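Residues 1 to 381 in the UniProt record's numbering are what the sequence shown spells out, letter by letter. Read the structure below first, then the notes.
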Amino acid sequence: MNLWKMKQTLDGIGKDLQDETSKLNEMYADHKADVEARNNQKSIVTDLKERFEGMKAQIEQEEAEAQAKIHQQQRVNDAKKSKDNIVAAKAEFIRNVINKQPQSSEILDSLKSTGTATNGGENFLPTTMVNDLISEPLTKNQLREIMSLSNISGLEIPKIAFKIDDDDFIDDDKTAKEIKATGDKVSFGKHKFKVFASISDSVLHGSDSDLTSYTENALRSGLAAKEKKCSLSSSPKKDEEHMSFYSKENAIEKITGKDLFTAITSAIADLHEEYRENATVVMSYTDYVKIMRDLSNGTMDLYKAQPEQIIGKPVIFCDSAKTPIIGDFNYAKINYDGDFIYDTDKDVKTGEYLFVLTAWIDIQILLKSAFRLATVSGSPS
């Protein structure tokens, strides 16, 4: 029964209840009324009251559920409207930057901009756009799955997150020596780099969603590519040596085995139990295929197993990991220092517009002793 029919039924029961109640009142007033007849009438009124209250309660429940659905749909619509408004604001922001037009206060408010320019005339990218850029890259930096990411100016953190009142509480000799040699805190620096998003005229004048999606994906890809290159470069740039797991400056300990599987499993075993418990293996898929080929001995059954079942620890595949890295990646961190700066230019060769993003990054391996590199005997490393 739908709500309309239920209300019609309630009206009918209500009218009957009113009529039968009047009859009962007349019986009470008539001294000649039969007691049995009066009791029967009383039963009729009681039944009608129960039916009326029951139907009324059902209607109230139905109306409450219907109202809840309306409110839920309204929240969905409001969220969609809010998202659409953000997309429109981002698109207008990008167009204004490229066309060198001033930004309206409505756009800046929508994107939570803290200001339009620094004292030096450089433009801050609004907070909403910064948060979106560093959170969802299109070109993937696989290390983001296991390394923490922050956007904090002047970041300084302890290498180990806890302390107890015992100088000898660190029972891993390698960690104790490292902290004694390098201190118990890490300060993040600022290493400037630029990302360029090339925007064609057709994209610029296309839909808000296409322009926003295209530009943000290009910038995200640039940020992710920079993070991955810094972390996994075998020949890092000057002043960026400390960011790479493969740099001579970090000198992460190498564990050698007769083959890659032996080297990786030995590296896992060589980690102190505190690091081994949360260890992950980062390796190229090519290296994993070599391991599978060696272990399977021509059978296909092994290929059905998950990488973690084969290696013994979670595995992240990354083609840039030329040498497998094994360790607790809670002890490695990416930090963007403060505000991002935006600018615009035009590529005279292609005629495309350039949305230029300037950011400051640092990647710190908090404890080198939490990691190992797996190498094979006789192979160059």
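Don't be surprised by glycine CBs; every beta carbon is placed ideally from N, CA and C. What you are looking at is a predicted structure, and each value in this text was computed from that prediction instead of being measured.
Coil, strand or helix - residue i by DSSP
i, result
"P102", "coil"
"T265", "helix"
"Q306", "coil"
"I164", "Only weak support exists for where I164 lies, its pLDDT of 43 falling under 50; the value from the coordinates is given anyway. Residue state, collapsed to three classes: coil."
"S332", "Correcting the residue type first, residue 332 is Ala in the shown sequence and not Ser. In the structure shown, A332 sits in a strand (DSSP, three-state: E or B)."
"F93", "helix"
"D16", "helix"
"G222", "helix"
"E65", "helix"
"F210", "Here residue 210 is Asp; the residue named in the question, Phe, does not match the sequence. Helix, per DSSP."
"M6", "helix"
"K180", "helix"
"T280", "strand"
"F169", "Here the model assigns F169 a pLDDT of 46, short of 50, so the residue's position is not dependable, and the following value carries that caveat. Reduced to three states, the DSSP call for F169 is coil."
"Y342", "strand"
"S200", "coil"
"I86", "helix"
"I146", "coil"
"K42", "helix"
"F52", "helix"
Residue i and residue j closer than 8 Å at C-beta
i, j, result
"residue 396", "T280", "Nothing about residue 396 can be reported from this structure: the residues present for the chain run from 1 to 381 only."
"I291", "L204", "no"
"V282", "P324", "yes"
"A224", "N330", "no"
"A263", "V376", "yes"
"F52", "L3", "no"
"M1", "I59", "no"
"I311", "I334", "no"
"F124", "I361", "no"
"F188", "D337", "yes"
"I179", "N250", "no"
"I252", "F261", "no"
Residue i, buried or exposed, once every other Cβ within 10 Å from all chains shown has been counted against 16
i, result
"N25", "exposed"
"G285", "It should be noted that the sequence gives Tyr, not Gly, for residue 285. Its Cβ having fewer than 16 others within 10 Å, Y285 is exposed."
"Q41", "buried"
"I299", "In the sequence on display, residue 299 carries Thr and not Ile. It counts as exposed."
"P236", "buried"
"A68", "exposed"
"E50", "exposed"
"S110", "buried"
"E92", "buried"
"I326", "buried"
"Y275", "buried"
"R293", "exposed"
"T116", "With a pLDDT of 48 at T116, under the threshold of 50, the modelled position of this residue cannot be trusted, and the question is left open."
"D339", "buried"
"D287", "buried"
Bridge-paired residues (DSSP) for residue i
i, result
"T350", "Looking at the DSSP assignment, T350 forms no beta bridge with any residue, so it has no partner."
"S187", "E156"
"D362", "N335"
"F355", "A197, T344"
"I325", "V282, L373"
"K254", "L373"
"I59", "Its beta-bridge partners do not exist; DSSP assigns none."
"K192", "W360"
Handout entry: Segment contact, 8 Å Cβ cut-off, at least three pairs: the stretch 91-107 with the stretch 193-208
Key = yes
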